[in-house]
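In this note's numbering, the protein residues as written are 922 to 1229. Every residue, glycine too, gets a C-beta built ideally from N, C-alpha and C. Just so you know, these numbers come straight off a predicted model, no measurement behind them.
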Amino acid sequence: MRSYFSEEIIQKILKYAAVFNIVCGLFLVISPNAIFKFWGVPIPNIIEIWQYLGSILVIFGIGYYIASLGPDTSWPIILVGFLSKIFGVIMLFKAYLLGSLALNFFSLVLFIDVLWILPFYYALIYAYEVNTLEESAPKKFYDLIKVVRTSKGDTLSELSKKENVLLVFVRHFGCTFCRETVSEIAKLDESIRGKKLTPVFVHMSDPSFGDEFFAKYYKDPVAHVSDPQRFLYKSLNLKRGSLSQLFGPKIWIRGLWAGIFKGHGLGSIESDALQLGGYFILSHGQIVFEHKTKDAADFFKLQLLPKA
């Protein structure tokens, strides 16, 4: 999928959205009764709710203006705006079907929300494309493992000659699926070592943060590799996810399960939020098994690993 809009057009769209939201929001805050009188709709008993809605619109408008300054890096703001339009349309339909909104007022507000859905969609596509541009010639994996060292001092090549390595590439540490993966692998540590495998995690944060993160799941220090520039990720052709791989319905459902019901939570975005993961077996400097995750929610499965 490709974006049909340039950065300049995306910036203009977001600035127009900013002005539109701020003006509409201020109108609701300053003169909330006027809009109801104009459309011949009974004035609600609790007008403060509409004033509160107006203040939210102003805040969204400020967010859109900030996003217009760098749409490629401000995609979370654009995503929140896009989702607000989608859910807004759903709630409007519900209110209309229940008789809470008059047809003329419903049509106006519905039109305003629908008006911005497609432009915001293209803004998301633009941000995704800019953030998924890869270098044309990534460094070779077999060259990298000769120089890349784990937190315990061995190069990956040296370690793989002493023992088979389960090389686990994780998403950013704030991702609930990254936390779930590390938690499950830690719980299965005895079974994994029973397969004559030594786990080594590859991540995109700095080494000290890696020590702190993995200490939450392992009693004893576990080997890990800091790869903030994603050289190892790229060398094994581990891709950044598409919108469906990162934000599809399955991802939301699994995210709620892992984040809330399993208690892994959600942290701040660390490094590249689009990067997908995978796990590999490295033996004597050679990849003998690989599994690249299909999406952000792809779960670690012990049974996929070859027998010892």
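For A1218, name the three-state secondary structure that DSSP assigns. coil
Is the beta carbon of L1226 less than 8 Å from the beta carbon of F1201? no
Assign V940 to buried or exposed, taking buried as 16 or more other Cβ atoms, counted over all protein chains shown, within 10 Å of its Cβ. exposed
Could you check whether N942 and L1000 sit closer than 8 Å to each other, using their CB atoms as the reference points? no
Give a yes or no on whether the C-beta atoms belonging to Q932 and L949 are separated by under 8 Å. no
Could you check if A1136 is buried or exposed, using at least 16 other CB atoms within 10 Å of its CB as the buried criterion? exposed
Please state the DSSP three-state secondary structure of V1211. The question names Val, but residue 1211 in the sequence shown is Glu. Strand at E1211.
Given a threshold of 16 other Cβ atoms within 10 Å of its Cβ, counted over all protein chains shown, does F988 qualify as buried or as exposed? Before going on, a small fix: residue 988 reads as Ala here, not Phe. Per the 10 Å Cβ criterion, buried.
Taking C-beta to C-beta, are G1206 and Y1047 nearer than 8 Å? no
Segment limits, alpha helix (DSSP H) that includes P1128: P1128 to F1135
Three-state secondary structure (DSSP) at F1094? coil
For I956, the first and last residue of its enclosing alpha helix (DSSP H): P953 to F959
List the endpoints of the continuous beta strand (DSSP E) containing G1188. Neither: G1188 is in no beta strand (DSSP E) and is coded neither H nor E.
Could you tell me whether the Cβ atoms of Q1166 and D1216 are closer together than 8 Å? yes
Tell me where the beta strand (DSSP E) around Y1138 begins and ends. It is not in any beta strand (DSSP E) - Y1138 carries neither H nor E in the DSSP assignment.
Using only the alpha-carbon positions, how far apart do F1134 and V1103 sit? 10 Å
Along the beta strand (DSSP E) that carries G1199, what are the first and last residues, could you check? G1199 to S1204
Are at least three pairs of beta-carbons, each pair with one atom in the region 1168-1188 and one in the region 1137-1147, less than 8 Å apart? no
Measure from the alpha carbon of E1191 to the alpha carbon of each residue in F1094, S995, V1146 and Y1154, then state which is nearest. F1094
CB-CB under 8 Å to I1038, same chain, minus the five flanking residues each way: which ones, in chain order? F1003, K1006, I1007 and V1010
Where does Q1224 land, buried or exposed, given buried means 16+ other C-beta within 10 angstroms? exposed
Comparing C-alpha positions only, which one of G1176, A938 and G1188 sits nearest to I1033? A938
Given 8 Å, three or more beta-carbon pairs between the region 1075-1086 and the region 1154-1171: no
8 Å Cβ cutoff met for G975 and I998: no
Taking all protein chains shown into account, decide if G1131 is buried (16 or more other Cβ within 10 angstroms of its Cβ) or exposed. buried
Would W1030 and T1071 qualify as a contact pair, given that the criterion is a beta-carbon distance under 8 Å? In the sequence as presented, Trp is not what sits at residue 1030; that position holds Val. No, they are not a contact pair.
Can you tell me the Cα-Cα spacing of N1052 and S1147, whole angstroms? 21 Å
Starting from P1232, trace the alpha helix (DSSP H) both ways and give me its first and last residue. The requested residue 1232 does not occur in the structure, where the chain is confined to residues 922 to 1229.
Grab me the residues of I934's own chain with a C-beta within less than 7 Å of its C-beta, minus the 5 sequence neighbours each way, in chain order. P1040 and A1044
Can you say whether S927 is buried or exposed, counting buried as having 16 or more other CB atoms within 10 angstroms of its CB? exposed
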